[in-house]
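Data first, discussion second: the structure below is written as structure tokens.
Residue numbers (our numbering), protein chains in the order written: chain A, 1 to 115; chain B, 1 to 115.
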């Protein structure tokens, strides 16, 4: 069984500052994938970034980077130079080793960017 | 390139009725997964379809059923609706193949209200 834990229900960050959203996971699978999604108030789940468990380097996508610490089972999302449009719910998710498997989601973090 | 589309956007039903939700995957994708997201929670996996067969299933009763068509589009059917079925239903598509990260891309969702 897989489990995702997001311990920050909500965060307030000043515009243009960097923000780190925490995610820890638990799995017995030898390989797995970790994902971050953004969900604005409209409801659509937007894919942000992916990290494979055997990837040697931390994933980056524009202003998003994933701080992957395998030994600690953590996969924190870092957003640099936050913008007002970053205000949304953020979900960490993982899939198991066989690929194309179901995603297990955390409870999410609501990020609010303050002008 | 069209993304994942879902219809209808909103739906209001009464207890005991039946509902059908529809999803068209992103171009080039062959796998469709369905998720239920209750208010304030992360999405919960319902089931996944690949090659017109149910490949995986989450912890949902048999009232929830689905179908995948030869063009990879999919339907989610819910019978004997309960008040607790009120939620945002998200469809996600992905490509199952070598070299793929199996990233799931989501549609805008169907918001179902059961009265």
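Beta carbons are placed, not taken as given, at the ideal position from N, Cα and C, and that holds for glycine.
(request) Work out the CA separation of residue 32 of chain A and residue 54 of chain A for me, nearest whole Å. (result) 8 Å
(request) Would you mind sorting residue 74 of chain B into buried or exposed? The rule is 16 or more other CB atoms within 10 Å of its CB. (result) buried
(message) I'd like the list of long-range same chain contacts for residue 16 of chain A, defined as Cβ closer than 7 Å, with 5 residues on each side in sequence excluded.
(response) 81 and 82
(request) With DSSP as the reference, label residue 85 of chain B as helix, strand or coil. (result) helix
(message) Please report the straight-line C-alpha distance between residue 35 of chain B and residue 60 of chain B, rounded to a whole angstrom.
(response) 10 Å
(request) For residue 86 of chain B, decide whether its Cβ has a neighbour in chain A, counting only Cβ atoms nearer than 8 Å. (result) no
(request) Mark residue 39 of chain A as exposed unless 16 or more other C-beta atoms lie within 10 angstroms of its C-beta, in which case mark it buried. (result) buried
(request) Return the residue from the list B/51, B/26 and B/47 that minimises the CA-CA distance to residue 65 of chain B. (result) B/47
(request) Closer than 7 Å by C-beta to residue 84 of chain A: which residues in its own chain qualify, once you throw out the five before and the five after it? Chain order, please. (result) 15, 113 and 115
(message) Any C-beta of chain B within less than 7 Å: which residues of the stretch 74 to 108 of chain A qualify?
(response) 91, 95, 99, 100, 101, 102, 103, 105, 106, 107 and 108
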